[in-house]
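Numbering (the UniProt record's numbering), first residue to last: 1 to 369. Before any comments, here is the structure.
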């Protein structure tokens, strides 16, 4: 294939099968011709940006170019990928988040150095790519001492106004159970929520009167995409009891929830902050049946925002405050076998009881295709 990228992109519009071009791109990448992929990707980006409805052929081949460059180890491929992840518009930022997830699954510290190179325009990755790559590395348990360029840039991020600046440049102990997406040229697999696993809570006779209060807006952050881009149902609620709740009060207290399905097949299980965080992370990572997955470190941010909502932390609370409150709460999973849930693979039910046992917060969600 000796055609210029402009001609290839134009001819794609007449193609009903992009398979041969995908195969040719794999061969080119195997031969070390990353520049050709960068040139073609840049032309496809130009065309998709200029169209209100980009052609499916252009979108398909562009995705293959991005995946090949991100998943092929080495600086040369990463440098070409940087050409495709610059820009400040919404599409460029989303592409940067996607690329960060791919990059950190395949590149070693040396391969990632171009992302953090320099500080001027065109000297490295965009701020969005850098921020997402940094936090992808942290949640994967990477040691930033192996990549001092990223370590230095984390200080710049923390002093700025970027949404991810709220997160720390370290991995919390609660994040050690995170299950991360796996990527290949053919596609990606994301973790799914998996409620339960702890000891069941036995219901105590009698009951405690509770008053519903306003739930924090951040409570449903991890499942927002299930509603916005799919068919999801979310129940995010908070209650204050007339007297401190005992653990045995929880099953009866929660029977008023829609997700309890009237009580039939409804159970409450003991859990811990780490398990709940991992479930929230998986919910944000995989999204719902028809979309809503968060790329890059935004899935980390969404999980912590939801965890903060469960703990009752104020909206302006620091990360350290949320982390501290999480360590002091009682944590529970709600059984997802009731009639409210679709009982496919998009089900989640979690609850937190405040340290003084005077506040109970719940997040439940379900989705279907």
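Every residue, glycine too, gets a C-beta built ideally from N, C-alpha and C.
Would you call the CB atoms of residue 105 and residue 183 closer than 8 Å? In this structure, residue 105 lies near residue 183, with their beta-carbon atoms less than 8 Å apart.
What distance in whole Å lies between the Cβ atoms of residue 78 and residue 111, which are believed to be in contact at a cut-off of 8 Å? Indeed, because the Cβ distance is near 6 Å, the residues count as touching under 8 Å.
Of all the options 348, 228, 240, which has the alpha carbon lying nearest to the alpha carbon of residue 293? When each option's Cα is compared against that of residue 293, the closest is 228.
Look at the alpha carbon of residue 243 and the alpha carbon of residue 204, and state the distance between them as a whole number of angstroms. Those two C-alpha atoms are separated by around 15 Å.
Could you tell me the alpha carbon to alpha carbon distance between residue 7 and residue 14, rounded to whole angstroms? Residue 7 and residue 14: Cα-Cα distance of roughly 12 Å.
Under three-state DSSP, which class holds residue 295? Residue 295 falls in the coil class under three-state DSSP.
Would you mind working out which of 260, 334, 264 sits nearest residue 279, comparing C-alpha positions? Considering only alpha carbons, the answer is 334.
Tell me whether residue 220 is buried or exposed, calling it buried when 16 or more other Cβ atoms sit within 10 Å of its Cβ. Burial call: buried.
For residue 18, which of 283, 254, 28, 56 has the nearest alpha-carbon? It is 56 whose Cα lies nearest to the Cα of residue 18.
Opening and closing residue of the alpha helix (DSSP H) in which residue 135 lies: Where residue 135 is concerned, the enclosing alpha helix (DSSP H) stretches over 127-139.
Host alpha helix (DSSP H) of residue 347 (start-end): Taken as a continuous stretch (DSSP letters only), residue 347 belongs to no alpha helix (DSSP H), being part of the beta strand (DSSP E) at 347-353.
With a CB to CB cut of under 6 Å and the five nearest residues on each side skipped, what residues in its chain are close to residue 241? Answer for residue 241: 208, 210, listed in chain order.
Residue span of the beta strand (DSSP E) that contains residue 377, given as start and end: Residue coverage of the chain in this structure runs from 1 to 369, which leaves residue 377 outside it and unanswerable.
Quick one: measure Cβ to Cβ for residue 268 and residue 251, integer angstroms, because I've assumed they're closer than 8 Å. Right, the Cβ-Cβ distance comes to about 5 Å (below 8 Å), so this counts as a contact.
Quick one: complete alpha helix (DSSP H) runs, 4+ long, within the segment 36-107? The segment 36-107 contains these whole alpha helix (DSSP H) runs: 56-71, 75-82, 90-106.
Please report the residue range of the beta strand (DSSP E) in which residue 364 lies. Unbroken beta strand (DSSP E) run through residue 364: 360-366.
Helix, strand or coil for residue 113? Go by DSSP, reduced to three states. Here residue 113 carries a helix assignment [DSSP, helix/strand/coil].
If we ignore side chains and look at the alpha-carbon of each, how far apart do residue 364 and residue 99 end up? Roughly 30 Å separates the two Cα atoms.
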